[in-house]
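Undergrad:
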Amino acid sequence: MPTTFTLPHRPLKESLAYYLGWAALLALLTLSWEGADMRPGELIRDSANMAKFLSGFFPPSFTEWRMYANEMIITVEVAVWGSFLAVICSIPLGILCAENMVPWWICQPVRRLMDACRAINDMVFAMLFVVAVGLGPFAGVLALWINTMGTLAKLFSEAVEAVDPRPIEGVRATGANWLHEVVFGVIPQVMPLWISYSLYRFEANVRAATVLGIVGAGGIGQSLWENIRGFNYADTAAILIIIIVSVSMIDALSQYLRKKFV
Amino acid sequence: MLDIPAIHVNRLTKSFCRDKKALNDVSLSIADGEMVALIGASGSGKSTLLRHIDGLVQGNKGSADQRLCCIDVLGRPVQSCGKIRRDVRRTRADIGFIFQQFNLVGRLSVLTNVCMGFLGRIPAWRGAGALFTRDEKLQAMEALARVGIADLAGQRASTLSGGQQQRAAIARTLVQRAKIILADEPIASLDPASSTRVMETLAEINRADGITVVVSLHQVDYATRYCPRTIAMRNGEIAFDGSSERLSHDFLVKLYGSDSEELIMGHKLHPKAADQTAIVQELLKHEALSHAAV
């Protein structure tokens, strides 16, 4: 005897929401077409120009590689100091942003301050610091420091808010004060996550530091910008290759370290 | 000094929600050097009471009369009228608290966890830097040896079994030189062998050092075996306070009704367990029938 099966019926409300969701996405894309100046046709029509442009990058010219390598090292050094200062400051700030550690009248103002640090892009900070402390890598360090501090303090505080409260209560029951609770109860619990976040931000900062030179805040960005503006695509290609290799190496190293800690 | 009770609770009331009272007008006095069991079904207010005594939770405001809703430990006020005293940390340093879930810091070594017992007594800056002296570390080792786990001192606390973690927590209270130990369901998460070991350790500390121990349990047989005095709680009120010998089964059944099964379950450990469970079930059935009749 053949059995008949019925397919599970999808409620009307659910399927309506499904199609409406897609329609909304489609509408958004269409409305943005004009403003984003989308011209895919030209990519195909003028593909010969594109090929000519790209051919300018080959072969890359490594005649100045010593200078570029040197600037790349400075770029990494800027990221190292910017990240280090940010991590050091984010430890107390991360605790002060955590709802479970401090009263709201401390937590909320500190959070807003960190929001501001995070909301403004590091390039903008770099431009401001170039004016304040002069051209050069130091402006870049300060820019990365402030911007990264905003991000890390938030990430750190989220880790703090997720800790197990029981060990903290265990510390409290010995007659310990608030600082002891942080040192013994909170920090050991969040340490692996904090290290992981810090290394992540360091990776991101190396990438960010490669363009800080465009606004005069040191590093390889300056050479990159000069070569692009001078139509020296062979040198530009060499710089891009140096950046890709360095950033990949640092990402791999950081990933290795993160695995070690978590 | 002799007539000052170790723990004095005067008319403590606590409600977490508006109408349901977790503790209702609880008063008790425990003398120095006593070993007292606090029994009751889950939700009867045992943990809440112990946490109030350590000043981890505050009671209801009560009336303006200063003697209402107040707790004194070793003659020093912990809280009164719903306000925890500012100097509670000094009192807490004299109270060792043992938690059901041990509450050790898993990623730190057992030794460091035990050294935390010094935090209330050494200068705050030294504690904050985890700068324990060699002598303090040796004292911590001595405490670990006393509870029988000195060989595990270098391991992370999270690698220990439940029973070992609970003994490390007891070592922490020893290092604290606590005069009172409050143990909140210390054996509820442990197997019978570890439970016995932990209870023996607490009883030994009580005997040898004269430390006052209040231990909340939900197995009555542990109470009768280790504690001369029992305080029984039901629905946030003290239902019985007296010699543990008076805790007969009939009495418990009368006291707890349908909850008594959970409380007497602990008797499984005794050889005659089967008979007793049967008796309790008979009694419960009887009670259920009489209820039905009404």
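Here the protein sequences line up with chains A and B, keeping their order.
Position in the first sequence (first residue = 1) + 10 = the working numbering.
Position in the second sequence (first residue = 1) + 906 = the working numbering.
Glycine included, each C-beta is placed from N, C-alpha and C at the ideal position.
Everything numeric in this text was worked out from a predicted model, so none of it was measured.
Identify whether Pro21(A) lies in helix, strand or coil by the three-state DSSP scheme.
TA: Position 11 of the first sequence, counted from the start, is the residue given in the question as residue 21(A). Pro21(A) falls in the coil class under three-state DSSP.
Undergrad: By the DSSP assignment, the beta strand (DSSP E) with Ala1063(B) in it spans what residues?
TA: Taking the second sequence and counting its residues from 1, the one referred to as residue 1063(B) is at position 157. First-last for Ala1063(B): undefined, no H or E at that position.
Undergrad: Give me the Cα-Cα distance between Pro119(A) and Ala1046(B), rounded to the nearest whole angstrom.
TA: Position 109 of the first sequence, counted from the start, is the residue given in the question as residue 119(A). Position 140 of the second sequence, counted from the start, is the residue given in the question as residue 1046(B). Spanning the two alpha carbons is a distance of roughly 42 Å.
Undergrad: Write down the C-beta distance between Ile1076(B) and Leu1108(B) rounded to the nearest angstrom, noting that I regard them as a contact closer than 8 Å.
TA: On the second sequence, residue 1076(B) is found 170 positions in, with the first residue counted as 1. On the second sequence, residue 1108(B) is found 202 positions in, with the first residue counted as 1. Right, the Cβ-Cβ distance comes to about 7 Å (below 8 Å), so this counts as a contact.
Undergrad: Determine the DSSP secondary structure at Ala1179(B), reduced to helix, strand or coil.
TA: The sequence position of residue 1179(B) within the second sequence is 273, counting from 1. Reliability of the predicted coordinates at Ala1179(B) is poor, the pLDDT of 46 falling under 50, and no value is obtained from them.
Undergrad: Just reading off the beta strand (DSSP E) that Cys976(B) is part of, what are its end residues?
TA: For this step, residue 976(B) is matched to residue 70 along the second sequence. Counting along the chain, the beta strand (DSSP E) containing Cys976(B) begins and ends at 976-979.
Undergrad: Does any C-beta atom of chain A lie closer than 8 Å to the C-beta of Met1047(B)?
TA: Reading the second sequence from its first residue, position 141 is the one you call residue 1047(B). Met1047(B) does not count as touching chain A.
Undergrad: Closer than 8 Å is the cut-off here; do at least three beta carbon pairs connect the region 991-998 of chain B with the region 1054-1070 of chain B?
TA: Taking 8 Å as the limit for Cβ pairs, the verdict is that the region 1054-1070 of chain B does not touch the region 991-998 of chain B.
Undergrad: Using a Cβ cut-off of 8 Å, pull out every chain B residue sitting near Val216(A), in sequence order please.
TA: Within the first sequence, numbered from 1, the residue matching residue 216(A) stands at position 206. Here the premise fails: no neighbours, minimum Cβ distance about 29 Å.
Undergrad: Report yes if the CB atom of Asn218(A) is closer than 8 Å to the CB atom of Leu152(A), and no otherwise.
TA: Position 208 of the first sequence holds residue 218(A). Position 142 of the first sequence holds residue 152(A). Residue 218(A) is actually Ala in this sequence, not Asn. No; because the gap between Cβ atoms is not below 8 Å, this pair is not in contact.
Undergrad: To be precise: take each residue of the region 1069-1083 of chain B, compare its Cβ to all Cβ atoms of chain A, and keep it if any distance is under 8 Å. Which residues remain?
TA: Under the 8 Å Cβ criterion, the region 1069-1083 of chain B contributes Ala1075, Arg1078, Gln1082.
Undergrad: Give me the DSSP bridge partner(s) of Asn916(B).
TA: Along the second sequence, one-based indexing puts residue 916(B) at 10. Partner(s): Cys976(B).
Undergrad: Figure out for me which residue from Leu165(A), Trp75(A), Arg176(A) has the closest Cα to the Cα of Ile205(A).
TA: Within the first sequence, numbered from 1, the residue matching residue 205(A) stands at position 195. For the residues Leu165(A), Trp75(A), Arg176(A), the minimum Cα distance to Ile205(A) belongs to Leu165(A).
Undergrad: Between the C-alpha atoms of Asn1019(B) and Ala126(A), what's the straight-line distance to the nearest angstrom?
TA: The sequence position of residue 1019(B) within the second sequence is 113, counting from 1. The sequence position of residue 126(A) within the first sequence is 116, counting from 1. So the two alpha carbons sit approximately 39 Å from each other.
Undergrad: What does Thr1118(B) pair with, by DSSP beta-bridge criteria?
TA: Looking up residue 1118(B) in the second sequence gives position 212. Thr1118(B) is bridged to Ile1086(B).
Undergrad: Looking at chain B, is there any beta carbon in it that lies within less than 8 Å of the beta carbon of Ala126(A)?
TA: Within the first sequence, numbered from 1, the residue matching residue 126(A) stands at position 116. No, Ala126(A) does not count as interfacial toward chain B.
Undergrad: To the nearest angstrom, report how far apart Phe1024(B) and Asn930(B) are at their CA atoms.
TA: Within the second sequence, the letter at position 118 stands for residue 1024(B). Within the second sequence, the letter at position 24 stands for residue 930(B). Going from the Cα of Phe1024(B) to the Cα of Asn930(B) covers about 35 Å.
Undergrad: Might you give, ordered along the chain, the residues of its own chain that have their beta carbon closer than 7 Å to the beta carbon of Lys989(B), omitting 5 neighbours on each side?
TA: Within the second sequence, numbered from 1, the residue matching residue 989(B) stands at position 83. If we look at Lys989(B) and ignore the five residues flanking it on each side, its Cβ neighbours are Gln964.
Undergrad: Is there a Cβ of chain A sitting closer than 8 Å to that of Ala1199(B), yes or no?
TA: Counting from 1 along the second sequence, the entry for residue 1199(B) is found at position 293. Only weak support is given to the placement of Ala1199(B): the predicted model assigns it a pLDDT of 46, under 50, and the question is left unresolved by the model.
Undergrad: What residue does the beta strand (DSSP E) around Thr1136(B) start on, and which one ends it?
TA: Along the second sequence, one-based indexing puts residue 1136(B) at 230. Taken as a continuous stretch (DSSP letters only), the beta strand (DSSP E) holding Thr1136(B) covers 1135-1140.
Undergrad: Would the beta-carbon of Ile252(A) fall within 8 Å of that of Met82(A)?
TA: For the purposes of this step, residue 252(A) is identified with residue 242 of the first sequence, where counting begins at 1. For the purposes of this step, residue 82(A) is identified with residue 72 of the first sequence, where counting begins at 1. Yes, Cβ-Cβ distance for Ile252(A) and Met82(A) is below 8 Å.
Undergrad: Do you know how far the Cα of Leu123(A) is from the Cα of Asp938(B)?
TA: Within the second sequence, the letter at position 32 stands for residue 938(B). Within the first sequence, the letter at position 113 stands for residue 123(A). Rounded to the nearest angstrom, the two C-alpha atoms are 52 Å apart.
Undergrad: Here's the rule: buried if 16 or more other CB atoms are within 10 angstroms of the residue's CB, otherwise exposed. What is Leu955(B)?
TA: The residue given as residue 955(B) occupies position 49 in the second sequence. Buried.
Undergrad: Using 8 Å as the cut-off, can you tell me whether the region 941-955 of chain B makes contact with the region 1116-1123 of chain B, which would need three or more C-beta pairs spanning the two stretches below that distance?
TA: As far as the Cβ criterion goes, the region 941-955 of chain B touches the region 1116-1123 of chain B, which means the pair count is three or higher.
Undergrad: Show which residues of chain A have a CB atom less than 8 Å away from the CB atom of Leu1014(B).
TA: Indexing the second sequence from 1 puts residue 1014(B) at position 108. Within 8 Å Cβ-Cβ: Phe194, Pro198.
Undergrad: Strictly below 9 Å CB to CB, what residues from chain B border Pro69(A)?
TA: For the purposes of this step, residue 69(A) is identified with residue 59 of the first sequence, where counting begins at 1. Chain B residues near Pro69(A): none, gap ~53 Å exceeds 9 Å.
Undergrad: Using 8 Å as the Cβ pair cut-off and three pairs as the minimum, do the region 1132-1152 of chain B and the region 939-951 of chain B touch?
TA: Result yes; three or more Cβ-Cβ pairs closer than 8 Å.
Undergrad: Counting C-beta neighbours from all protein chains within 10 Å, is the total for Asp245(A) 16 or more, i.e. buried, or is it exposed?
TA: Residue mapping note: residue 245(A) aligns to position 235 of the first sequence, counting from 1. Its Cβ being crowded by 16 or more others within 10 Å, Asp245(A) is buried.
Undergrad: For Ala108(A) and chain B, any beta-carbon pair shorter than 8 Å?
TA: Taking the first residue of the first sequence as 1, we reach residue 108(A) at position 98. Answer no: the Cβ-Cβ gap between Ala108(A) and chain B never drops below 8 Å.
Undergrad: Using the three-state DSSP reduction, which class does Asp1147(B) fall into: helix, strand or coil?
TA: Here residue 1147(B) refers to the residue found at position 241 when the second sequence is read from its first residue. Of the three classes helix, strand and coil, the one that applies to Asp1147(B) here is strand, per DSSP.
Undergrad: Could you please tell me which residues of the region 997-1008 of chain B, in chain order, have their CB closer than 7 Å to any CB of chain A?
TA: Residues Arg998, Ala999, Phe1003, Phe1005, Gln1007.
Undergrad: Within 10 Å of its beta-carbon, does Ile910(B) have 16 or more other beta-carbons around it, so buried, or fewer, so exposed?
TA: Along the second sequence, one-based indexing puts residue 910(B) at 4. Per the 10 Å Cβ criterion, exposed.
Undergrad: Where does Glu191(A) land, buried or exposed, given buried means 16+ other C-beta within 10 angstroms?
TA: Position 181 of the first sequence, counted from the start, is the residue given in the question as residue 191(A). By the 10 Å Cβ count, Glu191(A) comes out buried.
Undergrad: Going by beta carbon distance, what residues of the same chain come within less than 8 Å of Phe241(A), once the five residues before and after it are set aside?
TA: In the first sequence, counting from the first residue as 1, residue 241(A) sits at position 231. Excluding residues within five positions, the ones whose Cβ falls inside 8 Å are Gly66.
Undergrad: Is the region 913-933 of chain B in contact with the region 1099-1117 of chain B, if contact means three or more CB pairs nearer than 8 Å?
TA: No contact exists between the region 913-933 of chain B and the region 1099-1117 of chain B.
Undergrad: For Ala172(A) and chain B, any beta-carbon pair shorter than 8 Å?
TA: Counting from one through the first sequence, the residue named residue 172(A) turns up at place 162. No, because no Cβ of chain B sits closer than 8 Å to the Cβ of Ala172(A).
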